[in-house]
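Colleague: Residue numbers (full-length UniProt numbering): 1 to 236. A virtual CB, placed ideally from N, CA and C, is assigned to each residue, including glycine. Bear in mind the structure is a predicted one, so any value in this text is a computation, not a measurement.
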Amino acid sequence: MARRPKLTTIKPDWARALEIRRLQLGLSQELAAEAGGLSQPYYSEIERGERELTTLTHSKLLGLARALGWTLADLEKATGVDLGVVKAWTLAGSSPQTLAPVPNIHRVPVIGLASAGAPVADEQDERIIGWEYPAADEYRPHMLCLQVDGESMDNGEADGLRDGDRLYVDTRDLTLQEGKVYVVHVHGNGIVVKRARQLGNDWWLFSDNANFSPTRPDEATIIGRVYFHQPRGKRL
């Protein structure tokens, strides 16, 4: 008797967003589940889209967000799923009142380049070496703030990327663009900062310091694009 063809379930967009975030952070499902206080099978069901986010308890939603380095509001925004984050309130006998806008103050942990793979679980994480307070227009829910380690991007110019400088990284911007700066995981050589250059039909990842060798993109995994440089505040 012929076997029935196996049905393929299409993963919903919100579940795909969770998977992409986890992969960008370099986490296995086991590590992500552990960071969020969830079992691996339970986490896997969520990421496959078999367990709807709206069915999760508040504590499990918080655990999932924590595992991916997000707040609950970040999780809601990234997945597009309404998780009930309060946006309005109602006075008895009146219509709903929209919360008055207040200045956004964001506190983002700073970690060294070598620690960029795993998300920061809490404020006691020993990898935290400082804090950044990006302006509202520079903050992104999925951002990383990394501290430069080494001289590979120091070309001797005043606005170069020096050891100890801080970088804001957009982990969703993974498409190489000419002249833009990226944080990449070079296979077998750790996490570094490189500038994308297109030579003919080929892309290369160069250090601004000519003493360091270039890398081909197929030898690395892109973690994200650097879009802001502190302390000089230069947009890249």
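#1: Of the choices H229, A65, L72, whose alpha-carbon is the least far from that of D170?
#2: Fully enclosed by the stretch 111-181, which beta strand (DSSP E) runs are 3 residues long or longer?
#3: Starting from the Cα of S152, find the closest Cα among T79, L56, F206 and give me that residue.
#4: When we look at the beta-carbon of L99 and count the other beta-carbons within 10 Å, is it buried (16 or more) or exposed?
#5: Could you tell me the distance, in whole angstroms, from the CA atom of Y42 to the CA atom of Q198?
#6: Can you tell me which residues form a DSSP beta bridge with F212?
#7: Measuring CB atoms only, is the stretch 186-195 touching the stretch 123-130, in the sense that at least three cross pairs come out at less than 8 angstroms?
#8: On a CA-only basis, which of R21, Q29, T175 is nearest R225? Give me that one, please.
#9: Less than 8 angstroms between C-beta atoms, sequence neighbours within five positions excluded: which residues of the same chain meet that for A210?
#10: What are the start and end residues of the alpha helix (DSSP H) that includes K11?
#11: For G37, which residues from the same chain have a beta carbon less than 7 angstroms from its beta carbon, with the 5 sequence-adjacent residues on both sides left out?
#12: Q147 and R172: beta carbons closer than 8 angstroms?
#13: Do you know offhand how far I108's Cα is from A17's?
Modeller: Reading from the atomic positions:
#1: Against the sequence shown, residue 170 aligns to sequence position 170. Comparing Cα-Cα distances from D170 to each of H229, A65, L72, the minimum goes to H229.
#2: 128-132, 143-147, 166-170
#3: The residue labelled residue 152 in the question sits at position 152 within the sequence shown. Ranking T79, L56, F206 by Cα distance to S152 puts F206 first.
#4: To locate residue 99, count along the sequence shown from 1; it is residue 99. Bear in mind that the predicted position of L99 carries a pLDDT of just 49, short of 50, making it unreliable; the figure below should be weighed with that in mind. Exposed, because fewer than 16 other Cβ atoms sit within 10 Å of the Cβ of L99.
#5: Taking the sequence shown and counting its residues from 1, the one referred to as residue 42 is at position 42. Taking the sequence shown and counting its residues from 1, the one referred to as residue 198 is at position 198. A straight line joining the alpha-carbon of Y42 with that of Q198 spans about 43 angstroms.
#6: Here the question's residue 212 lines up with position 212 in the sequence shown. According to DSSP, which records beta bridges pairwise, F212 is partnered with nothing at all.
#7: no
#8: In the sequence shown, residue 225 corresponds to position 225, counting from 1. Answer by Cα proximity: T175.
#9: For the purposes of this step, residue 210 is taken as the residue at position 210 of the sequence shown. N155, listed in sequence order.
#10: On the sequence shown, position 11 is the one that residue 11 refers to. Taken as a continuous stretch (DSSP letters only), K11 belongs to no alpha helix (DSSP H), as it is neither H nor E.
#11: Counting from one through the sequence shown, the residue named residue 37 turns up at place 37. Closer than 7 angstroms at Cβ, skipping near neighbours: G63.
#12: The residue given as residue 147 occupies position 147 in the sequence shown. The residue given as residue 172 occupies position 172 in the sequence shown. No. Outside cutoff.
#13: Locating residue 108 in the sequence shown gives position 108, where the first residue counts as 1. Locating residue 17 in the sequence shown gives position 17, where the first residue counts as 1. Per the sequence presented here, residue 108 reads as Val, with Ile not at that position. Those two C-alpha atoms are separated by around 21 angstroms.
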